[in-house]
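> Residue numbers (the numbering used here), protein chains in the order written: chain A, -2 to 145; chain B, -2 to 145. Beta carbons are placed, not taken as given, at the ideal position from N, Cα and C, and that holds for glycine. Handing you a structure now.
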DNA sequence: CTGCTTGCAAATAGTTTGCACGTTC
DNA sequence: GAACGTGCAAACTATTTGCAAGCAG
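Spelled out as structure tokens, the structure:
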């Protein structure tokens, strides 16, 4: 086996597709690896990358995130109304977003298996639910007056 | 009982809150009633309203939709990446969106009861899922090459 | 040297806001 | 006639695109 460096592993996938290994790409991947399963907006990623490489443009980050999504390395999720958030594809988890306090709860994908089966049987629809958060109220925010 | 007109019934709720009855509001409500449970974007609504009242501004429609949401008469849903879609609050249904062909399937909220109960027990989270569509693949689009 | 990548600036989509005027109660 | 609503234009947020110059392979 070659490199143990996970950054270079992903760069390798990019090369396999005829893509080039650039500093901006390595930096973007590094940020995503370092923050693990957090939910970073594109802007978060941009500012983290700029700490090391101040001249990288936002558009470059967006383009690289799109490339990484095509590769299947990265996914983006919509939490509420704000910007999309990006994270590495790995553990498939679904997001519960509290519409009062903004808290995000991660739920393993297996929790959705029974629902998935029911929708497959009844509607022939195969869900792939991670792309949007499920809204609701967390324990703390229940029993208070409604808001939005 | 007073008016049987559903437009005036909603206008009545607006008045109860100290709001005024205006042409733009009546027109907006009329469009939503006429199209029933369809999924109209703000732009769709604007252009429908403009057929009768060409001078109504987009911003007015947005403001009135917000007012109607505060009243609980209207809800908006995010189907995929495009604009929000608005419809009357009534039957609580969840949306399944095919990420290949864009087809929208409506599913009654009861289908989600077991999941809701599980999440409530395990995480103390009370879901209110209608705000975002669940992504996936419809029957026709399964078994083809992936896309996004 | 070929063409993938980048930075920059400008364009875009969807929605929101400021403000002075108009209308409703 | 006071408060609320409206049109218009401009601002805003998140993201995308055109283009000429820059590097990677």
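Quick one: Cα of residue 5(A) to Cα of residue 50(A), how far?
As a position in the first chain, residue 5(A) is number 8, starting the count at 1. As a position in the first chain, residue 50(A) is number 53, starting the count at 1. Each residue's alpha carbon lies about 18 Å from the other.
> Measuring straight from C-alpha to C-alpha, what distance separates residue 99(A) and residue 78(A)?
Stepping through the first chain from its first residue, residue 99(A) is reached at position 102. Stepping through the first chain from its first residue, residue 78(A) is reached at position 81. Those two C-alpha atoms are separated by around 11 Å.
> Can you tell me which of 132(A), 138(A), 27(A), 120(A) puts its alpha carbon nearest to the alpha carbon of residue 71(A)?
Taking the first chain and counting its residues from 1, the one referred to as residue 71(A) is at position 74. Taking only the C-alpha atoms, the option nearest residue 71(A) is 27(A).
> How many angstroms separate the CA atom of residue 30(B) from the CA atom of residue 11(A)?
Sequence index remark: in the second chain, residue 30(B) carries index 33 (1-based). Sequence index remark: in the first chain, residue 11(A) carries index 14 (1-based). Spanning the two alpha carbons is a distance of roughly 51 Å.
> Measuring only between beta-carbons, confirm whether residue 18(A) sits less than 8 Å from chain B.
Taking the first residue of the first chain as position 1, residue 18(A) is located at position 21. Residue 18(A) does not count as touching chain B.
> Tell me the DSSP secondary structure of residue 143(A) in three-state form.
By 1-based counting over the first chain, the position of residue 143(A) is 146. Interpretation of residue 143(A) is limited by its pLDDT of 45, a score under 50 that renders its predicted location unreliable; no figure is taken from the coordinates.
> Please go through the region 20 to 95 of chain A and give each complete alpha helix (DSSP H) segment of 4 or more residues, from N-terminal end onward.
Qualifying alpha helix (DSSP H) stretches, in chain order: 20 to 31, 39 to 49, 55 to 67.
> Mapping DSSP to helix, strand and coil, what is residue 129(B)?
One-based indexing of the second chain puts residue 129(B) at position 132. Three-state DSSP puts residue 129(B) in a strand.
> For the region 35 to 57 of chain B, enumerate the residues whose C-beta is nearer than 9 Å to any C-beta of chain A, in chain order.
Flagged: no residues at all.
> Hey, is residue 84(A)'s beta-carbon within less than 8 Å of any beta-carbon in chain B?
For the purposes of this step, residue 84(A) is identified with residue 87 of the first chain, where counting begins at 1. Residue 84(A) does not count as touching chain B.
> Within the 8 Å Cβ cut-off, does residue 30(A) reach chain B?
Position 33 of the first chain holds residue 30(A). Not an interface residue.
> List the residues of chain A whose Cβ lies closer than 8 Å to the Cβ of residue 134(B), in chain order.
Your numbering for residue 134(B) matches position 137 in the second chain. Correct list: 122, 123, 125.
> How long is the line joining the alpha carbons of residue 145(B) and residue 17(B), rounded to whole angstroms?
Here residue 145(B) is taken as the residue at index 148 of the second chain, counted from 1. Here residue 17(B) is taken as the residue at index 20 of the second chain, counted from 1. With a pLDDT of only 40 at residue 145(B), under 50, the local geometry of the prediction cannot be trusted, and the value read off the model is given with reservation. Approximately 45 Å between the Cα atoms of the pair.
> When you compare only the Cα positions, how much space is there between residue 124(B) and residue 97(A)?
Sequence index remark: in the second chain, residue 124(B) carries index 127 (1-based). Sequence index remark: in the first chain, residue 97(A) carries index 100 (1-based). Using only the alpha carbons, I get a separation of about 12 Å.
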